[in-house]
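Undergrad: Residue numbers (this note's numbering): 17 to 360.
1) Between which two residues does the beta strand (DSSP E) harbouring residue 312 extend?
2) Between residue 138 and chain D, is any beta-carbon pair separated by less than 8 angstroms?
3) Determine contact between the segment 97-106 and the segment 53-60, defined as no fewer than three beta-carbon pairs at a distance below 8 angstroms.
4) Can you tell which of 77, 133, 217 has its C-alpha closest to the C-alpha of residue 66?
5) Please classify residue 304: does DSSP put it in a helix, a strand, or coil?
6) Kindly indicate the opening and closing residues of the alpha helix (DSSP H) around residue 263.
7) Name, in chain order, the residues that DSSP records as bridge partners for residue 290.
8) Can you tell me whether residue 107 is buried or exposed? The criterion is at least 16 other CB atoms within 10 Å of its CB, across all chains shown.
9) Classify residue 344: buried if its beta carbon has 16 or more other beta carbons within 10 angstroms, exposed otherwise.
10) Compare the beta carbon distance of residue 164 and residue 87 with 8 angstroms and say whether it is the shorter of the two.
11) How long is the line joining the alpha carbons of residue 142 and residue 185, rounded to whole angstroms?
12) Contact check, residue 356 vs residue 261 under 8 angstroms by CB: the rounded distance?
13) Expressed to the nearest angstrom, what Euclidean distance is found between the alpha-carbon atoms of residue 171 and residue 76?
14) Whole angstroms are fine: how far does the CA of residue 293 sit from the CA of residue 328?
15) If contact is defined by three or more beta carbon pairs under 8 angstroms, each pair taking one atom from either stretch, is the segment 231-238 in contact with the segment 335-351?
16) Rounded to whole angstroms, what is the Cα-Cα separation between residue 194 and residue 161?
17) Using CA coordinates, which residue listed in 320, 149, 167 is at the minimum distance from residue 84?
18) Relative to the C-alpha of residue 137, which candidate in 90, 120, 245 has its C-alpha closest?
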């Protein structure tokens with residue numbers, strides 16, 4: 017249970033950490049090197065995107081800001097021929113920048129072909145299935161030219177992969193003209209926040225992982241542990257008796273329960289074995305509860321001429337050592353004496 021709880025908390029913490037660090041990454045980049053600023057022009061940005069030079073996080077942020085200036089977009093809903101929603105965002109972007117589509121555009125795209133990966137963004141509202149096709153070149157006129165060319169191509173039904181699908185356009189190419197529209201657009205394109213289902217999935221996953229890992233870890237720990245655990249194999253025969261009092265281990269009546277377990281049935285000559293230092297029951301140690309009971313810390317301490325009807329081994333979970341128990345068990349079995357194990 018402790019392992020399950022630990023990994024559950026660990027996984028939920030990880031999810032929140034990923035979301036929080038993701039939201040704060042841009043802010044952190046702004047704080048780094050506060051004296052370093054990049055004011056690129058649109059041509060400079062286009063040139064940088066064509067190079068293979070590695071860019072710093074601040075340079076990439078500055079480039080993105082230039083590209084998103086005066087962004088133009090239009091929205092479209094695509095329905096499959098079986099009336100299901102076409103919702104493959106990455107596939108739609110690949111379609112838009114494919115050579116077959118570029119060849120039917122009513123625009124000289126050749127000089128910008130290598131940059132279309134950066135100029136065209138496709139976002140999907142998973143709640144409605146509506147695509148936002150965005151054009152982010154940094155230049156409003158170029159944005160409109162590309163947007164109008166693609167809008168016409170999508171309306172022309174000449175794109176082969178879309179000919180068997182229905183397209184419904186919600187608007188013609190336009191810029192974000194109002195603060196309300198900008199806020200709405202940003203809300204739709206932000207990274208999806210942690211929702212209730214995310215939490216449920218991670219709770220279930222964390223619980224399952226915690227249970228499995230906890231079970232395996234418990235087995236490994238108990239294999240190498242020197243004391244007898246709750247899952248330790250006592251290696252008993254069918255004729256041997258076991259009385260499990262672990263559930264009343266913390267009970268104020270535990271002493272009486274142990275004495276009763278040892279002394280029943282009465283009128284049986286028995287020896288009680290308990291590891292030295294593991295128990296402090298005066299009634300057992302002083303041999304006051306039953307004249308037919310003698311208590312020892314080791315089987316070898318029993319008198320050779322003692323005639324025993326039963327030997328009782330008292331095992332205290334997580335305290336009685338395996339070595340002591342296994343030694344006593346071997347000696348008892350070797351002398352063929354009936355055995356009773358009391359687990360507390």
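The beta-carbon is built from N, C-alpha and C at its ideal position, and this holds for glycine as well. Note that the coordinates shown come from a computational prediction; the quantities given were computed from them, not determined experimentally.
TA: This is what the structure gives:
1) 309-312
2) No chain D appears in this structure, which consists of one protein chain only.
3) no
4) 133
5) Annotation note: pLDDT 46 at residue 304 (below 50); position unreliable, coordinate value reported separately. Here residue 304 sits in coil by DSSP.
6) No alpha helix (DSSP H) contains residue 263, which DSSP labels as neither H nor E.
7) 330
8) exposed
9) buried
10) no
11) 17 angstroms
12) Between residue 261 and residue 356 the Cβ distance is about 12 angstroms, and since that is not below 8 angstroms, they are no contact.
13) 34 angstroms
14) 17 angstroms
15) no
16) Because the pLDDT at residue 194 is just 45, under 50, the model does not fix this residue reliably, and the value given afterwards should be weighed accordingly. Spanning the two alpha carbons is a distance of roughly 21 angstroms.
17) 149
18) 90
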